[in-house]
Structure formats: structure tokens, C-alpha cells
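Chemist: Line by line, the protein sequences are chains U and F.
When you line the first sequence up against full-length UniProt numbering, it's residues 1 to 398, in that order.
When you line the second sequence up against full-length UniProt numbering, it's residues 1 to 398, in that order.
My questions will all concern the structure given below.
Protein chains: 2
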Amino acid sequence: MVEPAPALAAGSVGPVETQSLELPAPVPLDCGRDLYPVTIAYETYGELSPARDNVILVCHALSGDAHAAGTSKAPAESARDGFGATDRDGASGRGLGWWDGMIGPGKAFDTDRFFVVSTNLLGGCRGTTGPSSIDPATGAPYGPDFPVITVADMVRTERAFLDALGIERLAAVAGGSLGGMQALEWAVRYPDQVDAVVAIASTHALHPQGLAWNAIAREAIRRDPAWQGGRYYGTGRGPDAGLGIARMVGHITYLSAPALDQKFARRLQYADDIQYTIDEPEFEVENYLRHQANSFVKRFDANTYLYTSRALTYFDLARQHGSLERALAGVAARTLLIAFSSDWLYPPRASREIEQALRSLGKDVELEVIDAPYGHDCFLLEEARQTPIIRRFLERTS
Amino acid sequence: MVEPAPALAAGSVGPVETQSLELPAPVPLDCGRDLYPVTIAYETYGELSPARDNVILVCHALSGDAHAAGTSKAPAESARDGFGATDRDGASGRGLGWWDGMIGPGKAFDTDRFFVVSTNLLGGCRGTTGPSSIDPATGAPYGPDFPVITVADMVRTERAFLDALGIERLAAVAGGSLGGMQALEWAVRYPDQVDAVVAIASTHALHPQGLAWNAIAREAIRRDPAWQGGRYYGTGRGPDAGLGIARMVGHITYLSAPALDQKFARRLQYADDIQYTIDEPEFEVENYLRHQANSFVKRFDANTYLYTSRALTYFDLARQHGSLERALAGVAARTLLIAFSSDWLYPPRASREIEQALRSLGKDVELEVIDAPYGHDCFLLEEARQTPIIRRFLERTS
């Protein structure tokens with residue numbers, strides 16, 4: 001008996017498999033080291049045009065991977081375990097890509113027209129070279145010997161990867177959060193190779209409270225004795241406790257307080273009253289956090305979390321270039337910035353600062369602040385409202 | 001050579017020593033257990049009037065203790081290591097009480113007029129019976145066998161303690177945060193024994209995001225293997241790593257994002273550029289967090305943190321009484337509520353809900369929302385602006 005195909009949303013790119021490519025040359029890093037070999041995990045959706053002028057690079061956020069759209073052949077491995085997504089449509093169970101609502105035929109990033117490329121970022125743990133990869137110098141996983149990387153290093157690696165695919169120019173580069181940082185870095189670093197930037201729920205420099213949350217998440221991992229100075233691979237134990245705490249902190253910062261009010265209120269976990277326990281969850285939100293932590297540690301590497309979190313705290317266009325205006329002076333791409341009113345981790349004011357800097361430089365820039373209640377997670381959830389904005393913006397490209 | 005006396009702020013109550021009292025009878029707890037023996041650590045400031053009608057009970061917050069005012073004889077043991085306080089006047093080094101700016105001659109809680117009593121709360125680790133105390137059943141510290149307590153249990157214990165001192169009525173009960181919860185519980189539980197309530201930066205029920213932050217802090221402690229299921233006393237190691245993370249989470253929730261911007265911005269810790277390290281603090285705010293964690297674990301017990309955090313999440317006047325209005329229906333005390341515009345952990349809207357409920361019941365209530373930028377910590381910092389409000393309110397008592 002033939003099993004029926006899983007039900008797909010209209011406009012799905014369908015089943016996809018993550019591919020792999022080894023870069024031909026070392027990647028030079030900001031820290032001064034060269035990294036080699038570097039393998040890139042990636043997926044593509046749509047068809048590359050003969051002129052190779054329809055490429056959109058999609059960049060993922062801290063906990064994402066290359067599986068951005070369609071259905072994975074490894075459903076349990078879906079990156080789409082975000083807050084709203086999981087509950088809304090049980091996407092995890094179908095192995096949907098983390099931005100499946102945005103990438104596909106007729107969607108925001110329209111695969112009837114564009115060739116969309118998605119890679120796992122440098123330092124990742126989902127196929128691209130990172131701390132859990134083998135260090136050729138030792139034959140063992142890098143662990144803490146992996147070089148400390150930056151967003152610019154991620155973008156250099158993406159550039160080298162596209163070179164290897166024979167792709168010179170990008171019709172657009174797009175991403176949310178850390179993905180948006182990469183998109184902005186592309187426009188700054190390779191101004192003559194990017195036509196358009198879509199940076200969503202992102203910033204030119206994380207604010208101090210954001211630095212603090214990231215520091216707490218990293219401390220939670222590093223203080224877990226099972227982290228073992230980062231050399232936990234092959235020891236039979238890893239810093240699951242600390243990584244779980246990091247994930248909990250992340251989750252709450254990705255949501256807004258009103259979203260938590262709406263979703264959980266103060267509902268109790270058991271029966272109609274408290275159970276007088278300090279060991280077990282008493283409130284639904286406590287149980288939710290524990291569940292999120294436990295599922296995250298099954299699919300994510302703690303060292304990748306450390307390195308990626310570090311990179312996104314470093315990102316600071318003004319520090320790197322003297323001022324935000326100097327950083328953006330060479331930008332040739334048209335820029336679309338989208339921010340969300342309730343996002344307190346990447347608040348709209350950062351996008352406004354980028355908009356104002358670009359505008360003062362006479363650049364082509366558009367900022368849309370979407371009034372939505374779900375916090376930073378909106379960039380994964382508010383697909384319906386982002387889609388017409390992004391489609392309209394990208395239509396101007398052609 | 002005689003050392004000069006330490007410089008004291010005008011209106012200090014001067015040197016004080018924490019005292020101790022054992023309650024004569026078991027304290028009945030919400031969980032159904034009786035607790036005995038119970039020792040209370042306390043301090044008093046000012047003189048008890050012959051009519052015993054000038055008593056103000058001051059209740060502390062999660063990490064406080066009985067040392068609320070004056071200079072301790074054990075300077076390093078000061079509870080006043082809060083964010084702003086430490087930096088503003090180096091109070092810690094002088095062993096100042098955690099609310100020294102509010103308690104003393106001519107201050108908000110005027111010791112020329114009132115007899116101010118401050119106790120370490122039930123479950124505490126600074127002299128009052130808590131998880132680190134000896135369990136008479138075993139002769140060893142309670143650890144996780146300590147009963148799970150509630151804010152009502154804390155208040156019952158305070159009532160029993162005042163009985164032992166021969167004090168029947170309170171001219172006022174006051175506190176911030178968890179201390180404000182105790183003040184509200186006093187008014188609900190002992191309506192004929194309280195003339196006035198001052199509840200600052202507090203709530204009738206912590207909102208879901210606050211539940212989440214507390215859950216994360218507790219998980220960080222519990223997931224630390226050195227916690228050992230709570231039985232770490234005498235083992236030579238304790239959950240310092242987890243308690244440090246809990247403190248870091250607490251600290252950031254006590255402050256506002258603009259306060260962090262102003263205090264730290266994105267200033268780097270070393271030299272003029274990043275050092276490419278995942279081990280060491282790169283930003284000043286990272287170093288600050290590490291410092292706060294390390295100093296906290298020297299003076300605070302992790303199990304007390306667990307139990308106290310649990311109690312403050314349980315507190316929910318509406319759940320306990322059917323509705324907020326039903327909870328407050330019997331209140332006879334005049335109520336002063338103070339909230340701070342930038343406090344996102346105990347936001348003004350909770351105080352407004354209490355105000356509205358009391359007003360709808362025809363009760364005497366006053367709400368002052370102070371526009372101040374420092375977040376929840378304002379209740380410890382904005383002494384100058386709280387003082388005239390509280391003095392005016394308390395004058396009406398006489």
C-alpha cells in the first residue's frame with residue numbers, strides 16, 4: 001500500500017535534501033587565522049536562470065540551519081521548532097523548513113522567479129564546518145580550538161560558497177535577526193555584488209540588554225561542568241543542562257510579555273491548585289520552558305551556540321567602520337528593513353537608525369514597522385504581513 | 001589609635017546588630033505541615049511607644065535580609081549590593097542596610113516617630129529558619145526536606161514573631177517586590193491588625209514573563225550537578241554556577257534596557273577592540289554580570305533562592321480568594337501603592353489593578369507611578385522621590 005504524500009501548504013517547494021560542498025580554498029578570518037577545510041551544508045529552491053541573475057541568499061538566525069523551506073527527509077530534524085510555529089501547525093513533525101511560509105512558489109521569496117539558496121552558517125552544527133567538526137591538525141573535533149568567528153567571517157564564507165557554485169551576483173540577500181546582520185554585512189562588504197537587502201528584525205549592533213542575555217546564555221553553557229572546557233565530544237556527556245538554560249533565556253527574549261500573557265496566563269500545570277513542589281513545573285509556562293530546553297539540546301551543539309552568540313554580539317557596524325554612516329557609505333543595494341513593534345530584543349529603533357543613516361547618505365531604503373504582538377519571533381510568524389511588503393520590494397529589482 | 005567612626009549619611013540609625021528570637025510554637029503552613037522550631041533574625045530601629053502603636057514592619061525582597069538600615073557590624077555582609085546602590089555610594093563596603101535611604105530619623109520611615117521592625121523572611125538564609133537550618137528530625141540541614149512555603153506562610157511567621165515581641169497592631173507594613181506581596185497579604189490576612197500598607201513595585205500576581213524568569217533562575221540552580229538534589233550542605237561544594245546564573249537573570253530583569261544603555265553602552269572590556277574570546281568578558285556589561293554572580297554566591301544560599309522564588313510565583317490573590325475583589329473585600333488598612341514607569345518585572349499595571357479593585361470596594365487607596373528609568377531597582381534607588389510620598393501618607397495615620 002502506497003502511503004499518501006504528506007499534506008503540504010499550497011506553494012511548497014516540496015521535499016528537499018540538504019546538500020554539501022567543500023570550499024576549494026581556506027577562508028581568511030577576522031581573527032587572523034585561515035580555516036580549511038570548510039564544508040557548507042546548503043539547500044536550493046527554484047531554478048537558476050541562464051543569466052544567473054535571479055539568486056536570493058537566505059541567511060539563518062542563531063539556532064537555524066540550511067533547511068529553510070520545503071519538507072525535509074528527516075522530519076525530526078526540523079529547525080522549525082520555534083514558539084508559534086510548533087503550536088500553530090505542528091510544523092516540526094512534518095520537517096518543514098524554518099522559513100517555509102516565506103519561501104516557495106508565489107510566496108515572499110518566490111521560487112517561480114528566484115533561485116533561493118540557503119546555507120548553514122560558518123560555525124554551525126548542521127552540516128557546515130563548526131566547533132564539532134574535525135580539526136585536521138589533531139584529527140579530533142575542534143571544540144574550543146575552533147577560531148572565534150564574526151558575522152563578516154560568515155559572509156566571507158557565503159561569498160566563497162557562491163563562487164564555488166558559479167554565482168557572482170545576488171539579486172537579494174535576506175535574513176532575520178543574526179540573518180539580517182549577515183544581509184547588512186553583505187551590502188557593506190560586497191557592494192557591487194548585491195542588488196537588494198532584506199534585513200528583518202535585525203540591527204547594526206545589539207543593544208546592551210541583548211549583550212547581557214547572550215552573555216547569560218553563554219555563561220550557562222560554560223559553567224556546566226559537562227562542557228569540559230568545550231572538549232565534551234566523544235566523552236559521553238555534554239552541557240545539556242547549560243544549553244537548556246541558554247535556550248530558555250533565548251525563548252523568553254524572543255517573545256513579548258503580552259504574547260506570554262495570551263498563551264499561558266498563569267495557568268497551572270496540575271489540577272486546579274498548586275502542588276507545593278520546587279522540583280516540578282507548577283505553571284504551564286514552566287513546563288513549556290522545560291520542554292523547549294529538552295528538545296533543543298537534542299538537535300543543537302553547545303559550542304556552536306557559544307560561537308554564534310559571540311559573533312552576533314561582536315557585530316557593530318559603527319565600531320567596525322568608525323560610524324554607521326561610514327559603514328554604509330558604499331552600499332549600492334536597495335534596502336528593505338522590517339521591524340516589529342513588540343520586538344524588545346531587536347527593537348524597531350535599531351532599524352530606524354539604519355534607515356536614517358542610509359537616507360542621509362541618499363541611499364534607496366524602506367522601513368516597515370509591523371504592529372504585531374509576538375516579539376522577536378514575529379519574523380518567523382508574521383509571514384502573511386511580510387509577504388506583500390517583500391514581494392513588492394523585490395518586484396522593483398527586475 | 002582610635003579609628004574614626006565611618007561617615008554616615010545624615011539621619012542614619014547608626015550601628016546595628018541583627019538579633020535573634022525563637023518562636024514559642026510551631027508555625028502552621030499552607031502545605032499542611034507545621035514548622036518547629038522557627039528562629040527569626042530581626043533588627044529594630046527607633047523606640048517602641050508606650051502604647052505600642054507606632055510599629056512599622058518592613059518586609060524584604062528575594063535577596064534581602066533583616067539588615068534594612070544603619071551600619072552592620074559585619075560590613076562585608078551587607079545586603080545592599082544592588083545595582084545602583086553599589087555604584088552610587090559604595091554602600092556595600094560600609095555595611096549599610098538595604099533600605100538605609102528610607103529608614104532613619106527624618107526619612108520616609110521616620111525612626112524619630114516609628115518603631116521600625118525588619119525580619120529575615122521564613123525560608124531565608126540570613127538568620128531565620130530556612131532550608132540551610134537544622135532539621136530536628138535528622139540533625140542535618142533540611143535541604144529539600146524543608147517545606148515548600150508561601151507568602152502567606154511568611155506573613156503568618158511575621159505575625160507570630162510580633163506576638164512574641166508583644167506587638168499586636170501595625171501602624172504600617174511596607175515592602176517592595178516580594179516585600180510588597182507580604183504587605184498586601186498582611187492587609188488581607190489580618191485586616192484588623194494593620195492600619196496602613198505601603199506596597200512598592202509589587203503585584204497581586206506575577207505575570208507570566210515573570211514566572212518564566214523565575215523558572216529559568218530555579219532551573220539554573222537545580223541543573224547544576226553541585227546542587228545534588230538540594231543536599232549540598234557539608235559536601236564542600238554547592239551550586240555556585242547555577243546560583244550565579246540565577247543572579248545574572250535576576251539582575252537584568254531588575255534593570256531597564258535604557259538603564260543598561262546608559263550605564264554600559266557597548267563599551268569593550270579590554271583596550272579598544274575585541275579580543276576574539278569565548279571565555280573572557282569582552283563587553284563591560286559581561287564583566288559586570290560575572291562580578292555580580294560571584295559576589296552573590298558568597299552571601300546567599302541556593303535553596304533559599306529556590307524556595308523564595310517559588311513562593312513569589314505562587315502568590316496570586318485572585319487564585320487564592322476567587323477574585324482580586326474578593327481577596328481585598330475585607331481590607332481595612334489604608335493602602336499606598338508605588339510603581340515605577342520603567343519597571344517591566346513588576347509593571348505599573350499590576351498596581352493599577354490593585355488600586356482599581358480597592359477603589360471599587362470603596363477602600364482608601366492611593367497609587368503613585370513614578371516616572372524613573374532604572375526599572376524594578378527603582379524601589380531601592382528612588383529614595384528621594386518616594387520619601388515625601390510615603391511621609392505624607394504615613395502622617396495621615398496619626
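Ideal Cβ placement from N, Cα and C applies to all residues, glycine included.
The structure displayed is predicted, hence computed values, not measured ones.
Using 10 angstroms around the beta-carbon of residue 360/F, count the other beta-carbons present and answer buried if the total reaches 16, otherwise exposed.
Modeler: The residue in question, residue 360/F, is exposed, as its Cβ has fewer than 16 Cβ neighbours within 10 Å.
Chemist: Within a Cβ cutoff of 6 Å, which residues of the same chain sit near residue 312/F, ignoring the five residues on either side of it in sequence?
Modeler: So the qualifying residues of the chain are 178.
Chemist: Cutting at 8 Å between CB atoms, please list the residues of its own chain near residue 391/F, excluding the five before and the five after it.
Modeler: Cβ within range, chain order: 108 and 110.
Chemist: May I have the straight-line CA-CA distance separating residue 35/F from residue 189/F, to the nearest angstrom?
Modeler: The straight-line gap from Cα to Cα measures roughly 19 Å.
Chemist: Expressed to the nearest angstrom, what Euclidean distance is found between the alpha-carbon atoms of residue 2/U and residue 318/U?
Modeler: Confidence in residue 2/U is poor, its pLDDT being 44 and thus under 50, which makes the residue's placement unreliable; the coordinate value appears in the next sentence. Their backbone Cα atoms lie some 58 Å apart in a straight line.
Chemist: Which stretch, first to last residue, makes up the beta strand (DSSP E) that contains residue 339/U?
Modeler: Unbroken beta strand (DSSP E) run through residue 339/U: 334-340.
Chemist: Let me make sure I understand the geometry here. Which of 252/U, 230/U, 345/U and 117/U has the alpha-carbon closest to that of residue 47/U?
Modeler: When each option's Cα is compared against that of residue 47/U, the closest is 117/U.
Chemist: Could you spell out where the beta strand (DSSP E) holding residue 19/U opens and where it closes?
Modeler: Start and end: 19-22.
Chemist: Sorted by chain position, which residues of the same chain lie with C-beta nearer than 8 Å to residue 382/U's C-beta, five sequence neighbours on each side aside?
Modeler: Answer for residue 382/U: 340, 370, 372 and 374, listed in chain order.
Chemist: For residue 241/F, which residues from the same chain have a beta carbon less than 6 Å from its beta carbon, with the 5 sequence-adjacent residues on both sides left out?
Modeler: So the list reads 224, once near-sequence residues are dropped.
Chemist: Looking at chain F, is there any beta carbon in it that lies within less than 8 Å of the beta carbon of residue 307/U?
Modeler: Cβ-Cβ to chain F under 8 Å: yes for residue 307/U.
Chemist: Taking 8 Å as the threshold (beta carbon to beta carbon), is residue 207/F in contact with chain U?
Modeler: It does; some Cβ of chain U falls within 8 Å.
Chemist: Counting only Cβ pairs nearer than 8 Å, list the residues of chain U close to residue 260/F.
Modeler: Those within 8 Å of residue 260/F in chain U are 207, 208, 209 and 212.
Chemist: Please report whether the beta-carbon of residue 86/U lies at a distance below 8 Å from any beta-carbon of chain F.
Modeler: The pLDDT assigned to residue 86/U is 35, lower than 50, so where the model puts this residue is not dependable; a value taken from the coordinates is nonetheless given after this. Residue 86/U does not count as touching chain F.
Chemist: Which residues, taken in chain order from the segment 250-278 of chain U, show a beta carbon closer than 7 Å to some beta carbon of chain F?
Modeler: Those would be 252, 257, 260, 261, 264, 265, 266, 274, 276, 277 and 278, in chain order.
Chemist: Note down, in chain order, each residue of its chain lying with its Cβ closer than 6 Å to the Cβ of residue 230/U, except the 5 sequence neighbours on either side.
Modeler: Answer for residue 230/U: 143, 144 and 303, listed in chain order.
Chemist: Starting from residue 31/F, find everything on chain U with Cβ-Cβ shorter than 7 Å and list it in chain order.
Modeler: Under the 7 Å cutoff, chain U gives 276.
Chemist: Return the bridge partner residues of residue 141/U from the DSSP annotation.
Modeler: Answer is 134/U, bridged to residue 141/U.
Chemist: Of all Cβ atoms in chain U, is any one closer than 8 Å to the Cβ of residue 57/F?
Modeler: Output row for residue 57/F: interface = no.
Chemist: Just to confirm before moving on: does the CB-CB distance between residue 316/F and residue 132/F stay below 8 Å?
Modeler: In this structure, residue 132/F does not lie closer than 8 Å to residue 316/F by Cβ.
Chemist: I'd like to know if residue 283/F contacts chain U, where contact means its C-beta is closer than 8 Å to some C-beta of that chain.
Modeler: At least one chain U Cβ lies under 8 Å of residue 283/F.
Chemist: List, in order along the chain, the chain U residues whose C-beta lies closer than 7 Å to that of residue 62/F?
Modeler: Residues of chain U passing the Cβ test: none, with the nearest at roughly 14 Å.
Chemist: Which chain F residues sit within Cβ distance under 7 Å of residue 289/U?
Modeler: Within 7 Å Cβ-Cβ: 212, 215 and 216.
Chemist: Please confirm whether residue 219/F has its beta-carbon closer than 8 Å to some beta-carbon of chain U.
Modeler: Answer yes: the Cβ-Cβ gap between residue 219/F and chain U drops below 8 Å somewhere.
Chemist: Determine, for residue 378/F, whether the minimum Cβ-Cβ distance to residues of chain U falls below 8 Å.
Modeler: By this cut-off, residue 378/F is not an interface position.
Chemist: May I have the straight-line CA-CA distance separating residue 158/U from residue 260/F, to the nearest angstrom?
Modeler: Taking the straight line from one Cα to the other gives about 34 Å.
Chemist: Using 8 Å for Cβ pairs, my map puts residue 266/F next to residue 211/U. What's the rounded Cβ distance?
Modeler: Going by Cβ atoms, the distance from residue 266/F to residue 211/U rounds to 7 Å, so yes, they are a contact pair.
Chemist: Report yes if the CB atom of residue 330/U is closer than 8 Å to the CB atom of residue 191/U, and no otherwise.
Modeler: Yes, these two residues count as a Cβ contact at 8 Å.
Chemist: Taking only the alpha-carbon atoms, compute the straight-line gap between residue 135/U and residue 141/U and give it to the nearest angstrom.
Modeler: Their Cα atoms are separated by approximately 5 Å.
Chemist: Quick one, which of 298/U, 273/U, 275/U and 268/U has its alpha-carbon nearest residue 284/U's?
Modeler: The residue with the shortest Cα to Cα distance from residue 284/U is 268/U.
Chemist: I'd like the list of long-range same chain contacts for residue 130/U, defined as Cβ closer than 6 Å, with 5 residues on each side in sequence excluded.
Modeler: Excluding sequence neighbours, residue 130/U sits near 123, 124 and 304.
Chemist: With H, G and I counted as helix, E and B as strand and the rest as coil, what does DSSP make of residue 295/F?
Modeler: DSSP places residue 295/F in helix when its eight states are reduced to three.
Chemist: For the beta strand (DSSP E) containing residue 360/F, name the first residue and the last one.
Modeler: Looking at the DSSP string, residue 360/F is not in any beta strand (DSSP E); the run it does join, the alpha helix (DSSP H), is 348-360.
Chemist: Could you give the distance in angstroms between the alpha-carbon of residue 290/U and the alpha-carbon of residue 64/F?
Modeler: The alpha-carbon atoms of residue 290/U and residue 64/F are separated by roughly 28 Å.
Chemist: In terms of residue numbering, what span does the alpha helix (DSSP H) encompassing residue 210/F cover?
Modeler: Element bounds for residue 210/F: 208-222.
Chemist: Roughly how many angstroms separate the alpha carbons of residue 378/F and residue 343/F, rounded to a whole number?
Modeler: Straight-line Cα distance between these residues: approximately 8 Å.
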